[in-house]
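What follows is a set of notes on a single structure, which appears directly below.
Protein chains: 2
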Amino acid sequence: MTGTLYIVGLGPGPDGWLTPEASAALAQADVLIGYKPYVDRVPAREGLARHASDNRVEIDRARQALQLAQEGHVVAVVSGGDPGIFAMAATVFEAVEAGDPAWRALDIRVLPGVSAMQAAAARLGAPLGHDFCAISLSDNLKPWDVIARRLEAAAHGDFVIALYNPASTARPQGIHAAFELLRSLKNRETPVAFARAVGRADERIVLATLGTADTALVDMSTLVLIGSSETRFVPRTGAAPWLLTPRTYGAGR
Amino acid sequence: MTGTLYIVGLGPGPDGWLTPEASAALAQADVLIGYKPYVDRVPAREGLARHASDNRVEIDRARQALQLAQEGHVVAVVSGGDPGIFAMAATVFEAVEAGDPAWRALDIRVLPGVSAMQAAAARLGAPLGHDFCAISLSDNLKPWDVIARRLEAAAHGDFVIALYNPASTARPQGIHAAFELLRSLKNRETPVAFARAVGRADERIVLATLGTADTALVDMSTLVLIGSSETRFVPRTGAAPWLLTPRTYGAGR
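Read top to bottom, the protein sequences are chains A and B. The first sequence begins at 0 in numbering that gives the first Met the number 0 and counts up one residue at a time. The second sequence begins at 0 in numbering that gives the first Met the number 0 and counts up one residue at a time.
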């Protein structure tokens with residue numbers, strides 16, 4: 000008898016963003032596996048074994064989870080945000096593809112969650128109100144020329160751009176290089192937001208423009224949003240402006 | 000004394016994807032406003048006025064919600080999925096921008112939700128495991144040449160592509176034109192998925208390739224996913240394959 004492998008999105012942090020589906024899976028699991036800060040978010044309880052690991056061992060973590068499910072456990076692999084977006088779902092299916100053929104018969108379920116760009120967008124207003132793209136800068140698995148090509152394409156297509164993992168240990172200069180490239184391709188007045196740790200105690204929002212934004216403020220907990228040509232600030236009484244990408248295109252020209 | 004305006008994401012349908020934050024806002028509201036199918040998802044209760052409207056009157060709906068909040072009501076504007084992604088958040092801030100200056104002092108809160116592409120991705124495996132973009136084809140507010148330019152940019156950048164609103168009444172031919180364009184720009188063996196009404200009773204998943212996919216199967220409840228050059232099927236025992244876009248880039252060449 001084999002078990003079940005849940006790949007669970009915990010959302011950006013607050014319990015208010017943890018779906019009932021994810022809560023139910025966490026309540027049912029007997030093994031919890033993940034990067035330590037995410038495992039730490041799940042309260043301890045009797046009957047739940049916990050395997051917290053470093054953030055460089057995703058594929059080992061996926062294999063361990065598959066093996067334990069194969070042995071009959073109900074395993075929850077936890078990711079922050081949505082496990083399908085720059086997180087553990089891809090790692091698990093890579094492990095399935097390269098691993099024990101028996102794993103292809105396992106009951107594997109991906110449980111979606113609120114991703115960082117959605118939390119950031121909610122806090123800011125409606126910056127993702129029109130076409131957008133999401134690009135990860137943290138990638139020792141992806142050559143810089145692929146990132147540069149995607150940034151160029153995103154600028155050419157006039158997408159709103161969400162940058163994930165903007166300041167990885169492996170590539171701390173990525174965010175500076177990305178902004179240098181985008182400044183050569185887009186209007187320097189384009190609105191930009193650095194949304195750090197949205198929903199958590201250390202949340203910090205910085206609004207700026209592409210030309211003047213200080214990329215030294217960006218760390219690994221920051222979601223970077225860069226507007227399209229339509230994105231603009233909407234003044235707000237008594238607080239920082241909202242950020243809006245309207246549904247219309249070209250209306251203001 | 001003014002009220003509060005919640006812009007609430009209901010997720011794709013099932014209660015398991017409705018966040019606790021959204022549930023709490025719906026329990027607190029005294030006015031519910033939205034497109035009828037979304038309003039119908041919220042159970043009736045005493046003290047909750049309901050304003051269901053057609054899907055062509057978004058801006059009127061937003062103004063009504065702002066006015067009622069201004070008068071002191073706790074108003075919940077509901078969207079399917081995430082209100083920040085091709086939904087009501089942008090409409091509300093457009094209305095704020097063009098409307099009564101007093102609205103700029105209102106307490107407006109966007110509550111994110113699971114969007115259709117995330118539900119589809121969770122069901123399919125990990126198709127959004129790497130850089131991706133989201134493009135709406137339903138747009139009488141956006142000229143076709145903008146859509147075509149973004150599809151070309153998405154192909155050039157080798158993004159995974161999520162198409163929202165692929166078969167609008169205003170532009171029923173959009174999905175056929177989009178596929179014709181993408182077939183001229185991308186490998187015809189690229190994996191494609193049509194994920195219809197994921198999580199609901201009438202859910203239907205179709206897997207295909209870009210070259211052979213039958214776009215006549217696509218309706219307004221369908222989320223269309225088109226892979227990058229790295230996206231592939233992972234065979235599964237006893238069921239349709241999973242769809243995977245791995246974290247690595249170029250490893251298979």
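Using N, Cα and C, we set each Cβ at its ideal position, and we do this for glycine too.
Quiz item: Do you know how far the Cα of B:V217 is from the Cα of B:N164?
Solution: The residue you call residue 164 of chain B lines up with position 165 of the second sequence. The residue you call residue 217 of chain B lines up with position 218 of the second sequence. Distance between the alpha carbons of B:N164 and B:V217: 10 Å.
Quiz item: Grouping DSSP H, G and I as helix and E and B as strand, with all else coil, what is B:R49?
Solution: Sequence index remark: in the second sequence, residue 49 of chain B carries index 50 (1-based). If DSSP states are grouped into helix, strand and coil, B:R49 belongs with the strands.
Quiz item: Are the CB atoms of B:F232 and B:L242 nearer to each other than 8 Å?
Solution: Working through the second sequence from its first residue, we reach residue 232 of chain B at position 233. Working through the second sequence from its first residue, we reach residue 242 of chain B at position 243. Going by C-beta atoms, B:F232 is nearer than 8 Å to B:L242.
Quiz item: What first and last residue would you give for the beta strand (DSSP E) that runs through B:P190?
Solution: The sequence position of residue 190 of chain B within the second sequence is 191, counting from 1. B:P190 -> beta strand (DSSP E) spans 190-195.
Quiz item: With a Cβ-Cβ cutoff of 8 Å, do A:A75 and A:L105 count as a contact?
Solution: Residue mapping note: residue 75 of chain A aligns to position 76 of the first sequence, counting from 1. Residue mapping note: residue 105 of chain A aligns to position 106 of the first sequence, counting from 1. Not a contact, by the Cβ cut-off of 8 Å.
Quiz prompt | Min CB distance B:D81 to chain A below 8 Å | solution = Taking the second sequence and counting its residues from 1, one reaches residue 81 of chain B at position 82. It does: the Cβ of B:D81 has a partner Cβ on chain A nearer than 8 Å.
Quiz item: What are the boundary residues of the alpha helix (DSSP H) that A:V38 is part of?
Solution: Counted from its first residue, the first sequence places residue 38 of chain A at position 39. Unbroken alpha helix (DSSP H) run through A:V38: 35-38.
Quiz item: Tell me the DSSP bridge mates of A:I107?
Solution: The residue labelled residue 107 of chain A in the question sits at position 108 within the first sequence. Paired residues: A:L4.
Exercise. Could you confirm whether any beta carbon from chain B is found closer than 8 Å to the beta carbon of A:R170?
Key: What you label residue 170 of chain A is simply residue 171 of the first sequence in a count that begins at 1. By this cut-off, A:R170 is not an interface position.
Quiz prompt | C-beta atoms of B:A86 and B:G198 nearer than 8 Å | solution = Locating residue 86 of chain B in the second sequence gives position 87, where the first residue counts as 1. Locating residue 198 of chain B in the second sequence gives position 199, where the first residue counts as 1. For B:A86 and B:G198, no; Cβs fall outside 8 Å.
Quiz item: Cβ of A:S135 less than 8 Å from any chain B Cβ?
Solution: The sequence position of residue 135 of chain A within the first sequence is 136, counting from 1. It does; some Cβ of chain B falls within 8 Å.
Exercise. Grab the span of the beta strand (DSSP E) containing B:T90 for me, first residue to last.
Key: Mapped onto the second sequence, residue 90 of chain B falls at position 91. Counting along the chain, B:T90 falls outside any beta strand (DSSP E), though it belongs to the alpha helix (DSSP H) covering 87-97.
Self-check item: Same chain, Cβ closer than 6 Å to A:E45, five either side skipped, listed in chain order
Solution: Here residue 45 of chain A refers to the residue found at position 46 of the first sequence. Excluding positions up to five away in sequence, the list is empty.
Practice problem: Would you kindly report the start and end of the unbroken beta strand (DSSP E) that includes B:V233? | Solution: Counted from its first residue, the second sequence places residue 233 of chain B at position 234. 231-233 is the extent of the beta strand (DSSP E) around B:V233.
Quiz item: Over what stretch of residues does the beta strand (DSSP E) that includes A:S137 continue unbroken?
Solution: Translated into positions along the first sequence, residue 137 of chain A becomes position 138. Segment: none, A:S137 is in no beta strand (DSSP E) and carries neither H nor E.
Quiz item: Within 10 angstroms of its Cβ, does A:A212 collect 16 or more other Cβ (buried), or is it exposed?
Solution: Stepping through the first sequence from its first residue, residue 212 of chain A is reached at position 213. With 16 or more other Cβ atoms within 10 Å, it is buried.
Quiz item: At a CB-CB cut-off below 8 Å, which residues of chain A make contact with B:Y248?
Solution: Within the second sequence, residue 248 of chain B is the residue found at index 249, counting from 1. Within 8 Å Cβ-Cβ: D138, L140, K141, P142, V145.
Quiz prompt | Inter-stretch contact (C-beta, 8 Å, three-pair minimum) for the segment 13-24 of chain B and the segment 83-101 of chain B | solution = no
Quiz item: When DSSP labels each residue in this structure, what does B:L127 get in the three-state scheme?
Solution: What you label residue 127 of chain B is simply residue 128 of the second sequence in a count that begins at 1. B:L127 falls in the coil class under three-state DSSP.
Practice problem: Work out the CA separation of A:I174 and A:A239 for me, nearest whole Å. | Solution: In the first sequence, the residue the question calls residue 239 of chain A occupies position 240. In the first sequence, the residue the question calls residue 174 of chain A occupies position 175. Looking at the two C-alpha atoms, the distance is approximately 24 Å.
Quiz item: Within the 8 Å Cβ cut-off, does A:G98 reach chain B?
Solution: For this step, residue 98 of chain A is matched to residue 99 along the first sequence. Chain B contact via Cβ: absent.
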